[in-house]
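Okay, so here's the structure we're looking at.
Numbering (the working numbering), first residue to last: 30 to 461.
Here is the structure:
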């Protein structure tokens with residue numbers, strides 16, 4: 030049924046996991062009720078412009094490939110998210126549903142990453158509002174069907190050899206202490222995710238960031254660390270934050286929809302920086318973050334990992350045997366908390382008709398506090414997600430904002446459950 034394409038090299042950390050992972054979702058709330066028929070037309074125009082978004086994944090032997098999927102991508106109507114990758118979504122790895130004023134975009138993280146789904150979201154929103162309002166809005170950098178598709182949109186960053194500056198040497202990794210983990214959270218937590226939302230004025234937060242010579246992600250990470258320290262006083266283990274980053278610019282794959290993301294770390298306590306005033310520490314941490322985004326370092330990493338991923342696929346004879354092999358991805362420590370600074374969607378003439386934007390995911394292994402930060406409508410939304418009760422930390426975080434002169438609005442606590450992906454549907458699981 031499906032026409033095999035290239036190997037899904039960049040998907041390797043996800044497709045060889047021993048379990049299926051929950052979908053990653055983007056929830057868009059509009060001022061008005063969503064017209065599902067117009068939304069289907071917007072989805073059709075988006076797929077016509079970016080046909081690779083309709084691809085699926087196919088297993089042959091021990092290798093996972095992208096594959097063309099001729100089945101239609103259809104808008105789901107109802108409040109429940111569908112498990113992507115199986116018969117419910119016609120084996121597509123992306124999905125779109127709507128209910129009332131809400132659109133929800135879902136993805137399998139082995140198919141693309143956060144920036145990949147953002148391109149999908151923005152294109153659908155653009156075509157939807159153009160069709161609904163009967164006018165052509167300024168696309169403002171959004172991929173629309175007014176322009177042609179570029180081959181660069183399908184580049185696999187791990188399939189390329191990246192040029193590294195002459196004489197560059199990778200820095201040696203220094204072992205660090207075991208980071209502090211929040212005792213409220215268990216690695217054996219269930220699937221329900223609790224969401225504590227905070228909102229702060231974009232203008233006031235950015236003024237605070239500039240005053241302290243830092244960046245929004247660093248400033249917010251420092252405030253989260255202050256909140257953890259307030260609740261768990263006397264902690265001796267260092268507090269370390271993981272910050273996901275897109276490596277597209279560093280490796281010269283700016284346009285790809287495929288997985289091109291990694292993480293950097295910030296040691297927020299347990300270093301000589303602890304003795305510095307907040308502003309000096311914030312500026313220093315921003316410098317440390319920028320050092321970790323050295324293009325030569327990431328090009329070297331991709332040059333090393335790419336051949337390893339390809340070798341694993343080319344030598345594999347059976348998919349499930351590969352799945353049984355140790356996976357470093359599942360052993361990754363996500364440290365004290367994980368802070369994803371998403372930024373903002375492109376803004377154009379219809380942006381004020383979008384009331385809210387929320388990114389939903391299940392925290393890794395259930396024992397990590399996951400913080401999503403998005404800037405929309407003049408407000409930073411800071412969603413603290415956890416599979417457990419971290420109310421005391423959220424209270425302390427709101428107080429940390431107030432202590433630094435930032436007025437914060439508390440959103441009502443919410444909870445959600447995300448379906449697992451079923452992209453391996455039909456692939457026979459070996460009998461234990």
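Just so it is clear, CB atoms sit at the ideal spot from N, CA and C, and this is done for glycine as well.
Residues near residue i in its chain [Cβ-Cβ closer than 6 Å; skip 5 each side]
i: residue 58; result: 130, 131, 384, 385
i: residue 47; result: 352
i: residue 489; result: No information on residue 489 is available, as it lies outside the stretch 30 to 461 that the chain covers here.
i: residue 308; result: 241
i: residue 285; result: 184
i: residue 115; result: 451, 454
i: residue 206; result: 267
i: residue 135; result: 52, 54, 110, 113, 124
i: residue 43; result: 138, 139
i: residue 440; result: 226
i: residue 199; result: 329
i: residue 390; result: 53
Residue j beta carbon less than 8 Å from that of residue i
i: residue 341; j: residue 144; result: no
i: residue 90; j: residue 345; result: yes
i: residue 260; j: residue 425; result: yes
i: residue 204; j: residue 365; result: no
i: residue 450; j: residue 137; result: yes
i: residue 77; j: residue 85; result: no
i: residue 332; j: residue 190; result: yes
i: residue 315; j: residue 244; result: yes
i: residue 448; j: residue 415; result: no
i: residue 419; j: residue 213; result: yes
i: residue 164; j: residue 87; result: no
i: residue 225; j: residue 376; result: no
i: residue 141; j: residue 319; result: no
i: residue 98; j: residue 216; result: no
i: residue 271; j: residue 300; result: no
i: residue 234; j: residue 398; result: no
i: residue 188; j: residue 247; result: no
i: residue 338; j: residue 456; result: no
i: residue 374; j: residue 147; result: yes
i: residue 79; j: residue 178; result: yes
Beta-bridge pairing of residue i - partner residues as DSSP gives them
i: residue 221; result: 446
i: residue 433; result: Answer is none; residue 433 lacks a bridge partner.
i: residue 57; result: 132, 386
i: residue 290; result: 275
i: residue 87; result: 94
i: residue 318; result: Residue 318 is not bridged to any residue.
i: residue 105; result: 126
i: residue 78; result: Its beta-bridge partners do not exist; DSSP assigns none.
i: residue 367; result: 271, 399
i: residue 410; result: 228, 403
i: residue 415; result: 223
i: residue 439; result: 227
i: residue 7; result: In this structure the chain extends from 30 to 461, so residue 7 is not present and cannot be described.
Residue i classed as buried or exposed, judged by whether at least 16 other C-beta atoms fall within 10 angstroms
i: residue 9; result: In the structure as shown, the chain begins at 30 and stops at 461. Residue 9 is therefore absent and cannot be evaluated.
i: residue 465; result: Residue 465 is absent from the model: the chain starts at 30 and stops at 461.
i: residue 291; result: buried
i: residue 289; result: buried
i: residue 444; result: exposed
i: residue 328; result: buried
i: residue 109; result: exposed
i: residue 382; result: exposed
i: residue 124; result: buried
i: residue 279; result: buried
i: residue 256; result: buried
i: residue 197; result: exposed
i: residue 30; result: exposed
i: residue 186; result: buried
i: residue 176; result: exposed
i: residue 262; result: exposed
Nonlocal neighbours in the same chain, by C-beta distance under 7 Å from residue i, ignoring five residues either side
i: residue 155; result: 166, 168, 171, 173
i: residue 194; result: 325
i: residue 378; result: 166, 167
i: residue 92; result: 36, 342, 345
Residues near residue i in its chain [Cβ-Cβ closer than 8 Å; skip 5 each side]
i: residue 313; result: 302, 305
i: residue 388; result: 53, 54, 55, 56, 143, 369, 371, 401, 403, 412
i: residue 229; result: 408, 409, 411, 430, 435, 436, 437, 438
i: residue 106; result: 65, 126, 127, 128
i: residue 258; result: 264, 268, 298
i: residue 75; result: 82, 149, 152, 153, 156, 174
i: residue 101; result: 119
beta-carbon residue i near the ligand GDP non-hydrogen atom, thresh 7 Å
i: residue 73; result: Ligands are entirely absent from the displayed structure, and the ligand GDP is therefore not among its contents.
8 Å Cβ cutoff, residue i in contact with chain D
i: residue 441; result: Absent here is chain D; the protein component of the structure consists of one chain.
Quick test of the definition: if touching needs 3 or more C-beta pairs under 8 Å, does the region 320-338 touch the region 212-225?
no
With three or more C-beta pairs closer than 8 Å as the rule, is the region 398-409 touching the region 61-79?
no
Determine contact between the region 417-435 and the region 242-262, defined as no fewer than three beta-carbon pairs at a distance below 8 Å.
yes
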